[in-house]
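> Going by the UniProt record's numbering, the sequence shown opens with residue 1, and the numbers climb by one from there.
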Amino acid sequence: MLSLRTVQVNRYVTPLREGGSLPGIAEADDGFLYVVKFRGAGQGCKALIAELLGGEIARKLGFKIPEIVFAQLDEAFGRTEGDEEIQDLLRASEGGNLALHYLSGALTYDPAVITVDATLASKIVWLDSFIMNVDRTCRNTNMLWWKKELWLIDHGAAFYFHHSWDNPEKQAQSPFSMIKDHVLLPQASELAIVNETYQQLLTPTFFEEVVSLIPDEWLLVDAPFATIAEHRNAYVQFLTNRLSAATIFINQANHARETLI
1 MLSLRTVQVN RYVTPLREGG SLPGIAEADD GFLYVVKFRG AGQGCKALIA
51 ELLGGEIARK LGFKIPEIVF AQLDEAFGRT EGDEEIQDLL RASEGGNLAL
101 HYLSGALTYD PAVITVDATL ASKIVWLDSF IMNVDRTCRN TNMLWWKKEL
151 WLIDHGAAFY FHHSWDNPEK QAQSPFSMIK DHVLLPQASE LAIVNETYQQ
201 LLTPTFFEEV VSLIPDEWLL VDAPFATIAE HRNAYVQFLT NRLSAATIFI
251 NQANHARETL I
């Protein structure tokens, strides 16, 4: 059964201002540093849900993902922070947040320096098409090179439809046109082969397990559903429908790739 650890954030270290939601590096009670994604940031709990689902789906598919944990902030946290903007963010984020283990010394992936082979590129493009991740472009690759391996980070912009839940059935069956901007699309020549493998790895049981990780309190924010159970089921149904429509987003990715090469 899937589960995430919970840590208590003890010390705010520094903001990561290149992130639109102003994540920050913080130290937790287990002695490790984490990149904390705050519920009080602009996209709120929806970004945390996307980060959790996107990251754990990627892990299931075999990608290197920093450990994801729940990060608790008590009401006293951040009172001594001198930056007023950050202090407001921390106050708005009391309670449960999400954090990723900080990969100290990691380098930002640079396509001009590090070559990704066709198989790995196809796997990453398939993942991002599946979860509708708009954030893996040349401008913002959201990949790190750490200990001679490629690590995927920052999936908070995925599943963008869930900010409104406007016709999720149609969204699940739709192509992903923004894949044209994906940094690894030119190398992604094995999408059909990758799809055969991933269709076996992603099951309804796994979707239920990963969605069950979402805290109830996050599902109560801006929810168009009558109950938490309905909200969870909507995510499971979307993921199931999206997987069954893989041919649609694969065709879109292949078409976009043909225009580039």
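Here a beta-carbon is modelled for each residue, glycine too, at the ideal position from N, C-alpha and C.
#1: K46: which of M178, V194 and A157 sits nearest, CA to CA?
#2: Span of the beta strand (DSSP E) holding L150?
#3: Closer than 8 Å is the cut-off here; do at least three beta carbon pairs connect the segment 85-99 with the segment 35-42?
#4: For the candidate residues N251, P186 and V210, whose alpha-carbon lies nearest to that of E56?
#5: Measuring only the C-alpha atoms, how far is P23 from L48?
#6: Pull up the distance between the alpha-carbon of D117 and that of Q87, whole angstroms please.
#7: Closest to N254 by CA distance: which of P175, R242 and A234 is it?
#8: Going by DSSP, what residue range makes up the beta strand (DSSP E) through H101?
#9: Let's see if you can read the secondary structure: which residues bound the beta strand (DSSP E) around K180?
#10: Under 6 Å Cβ to Cβ from Y109, same chain only, skipping five residues before and after it: list those, please.
#11: So does K123 have its beta carbon nearer than 7 Å to some heavy atom of the ligand SAH?
#12: What does DSSP give as the partner residues of W145 in its beta bridges?
#13: Note down the Cα distance separating R241 from V183, rounded to an integer number of angstroms.
#14: Can you grab the Cα-Cα spacing for the pair Q8 / A26, in whole Å?
#15: Could you check which residue in L103, S189 and P168 has the C-alpha nearest to that of L150?
#16: Give the DSSP-derived three-state secondary structure of N133 in the structure shown.
To lay it out plainly:
#1: Residue numbering aside, residue 46 sits at position 46 when the sequence shown is read from its first letter. Of M178, V194 and A157, the smallest CA-CA separation from K46 is found for A157.
#2: If you number the sequence shown from 1, residue 150 lands on position 150. E149 to L152 is the extent of the beta strand (DSSP E) around L150.
#3: Three or more beta-carbon pairs separated by less than 8 Å link the segment 85-99 to the segment 35-42, which places the two stretches in contact.
#4: Taking the first residue of the sequence shown as 1, we reach residue 56 at position 56. Of the candidates N251, P186 and V210, V210 places its Cα closest to the Cα of E56.
#5: For the purposes of this step, residue 23 is taken as the residue at position 23 of the sequence shown. For the purposes of this step, residue 48 is taken as the residue at position 48 of the sequence shown. About 11 Å.
#6: If you number the sequence shown from 1, residue 117 lands on position 117. If you number the sequence shown from 1, residue 87 lands on position 87. Across the structure, D117 and Q87 are spaced so that their CA atoms are roughly 43 Å apart.
#7: Reading the sequence shown from its first residue, position 254 is the one you call residue 254. The option with the nearest alpha carbon to N254 is P175.
#8: Counting from 1 along the sequence shown, the entry for residue 101 is found at position 101. Where H101 is concerned, the enclosing beta strand (DSSP E) stretches over G95 to H101.
#9: Taking the sequence shown and counting its residues from 1, one reaches residue 180 at position 180. Bounds of any beta strand (DSSP E) do not take in K180, whose DSSP letter is neither H nor E.
#10: To locate residue 109, count along the sequence shown from 1; it is residue 109. Around Y109: T141, M143 and W145.
#11: Ligands are entirely absent from the displayed structure, and the ligand SAH is therefore not among its contents.
#12: Position 145 of the sequence shown, counting from 1, holds the residue named residue 145. Under DSSP, the beta-bridge partners assigned to W145 are L107 and L150.
#13: Along the sequence shown, read from residue 1 onward, the residue named residue 241 stands at position 241. Along the sequence shown, read from residue 1 onward, the residue named residue 183 stands at position 183. Residue 241 is actually Asn in this sequence, not Arg. The straight-line gap from Cα to Cα measures roughly 26 Å.
#14: Numbered from its first residue, the sequence shown carries residue 8 at position 8. Numbered from its first residue, the sequence shown carries residue 26 at position 26. Near 10 Å, if we compare the C-alpha coordinates of A26 and Q8.
#15: Counted from its first residue, the sequence shown places residue 150 at position 150. Out of L103, S189 and P168, L103 has the C-alpha closest to the C-alpha of L150.
#16: Locating residue 133 in the sequence shown gives position 133, counting from the first residue. Reduced to three states, the DSSP call for N133 is coil.
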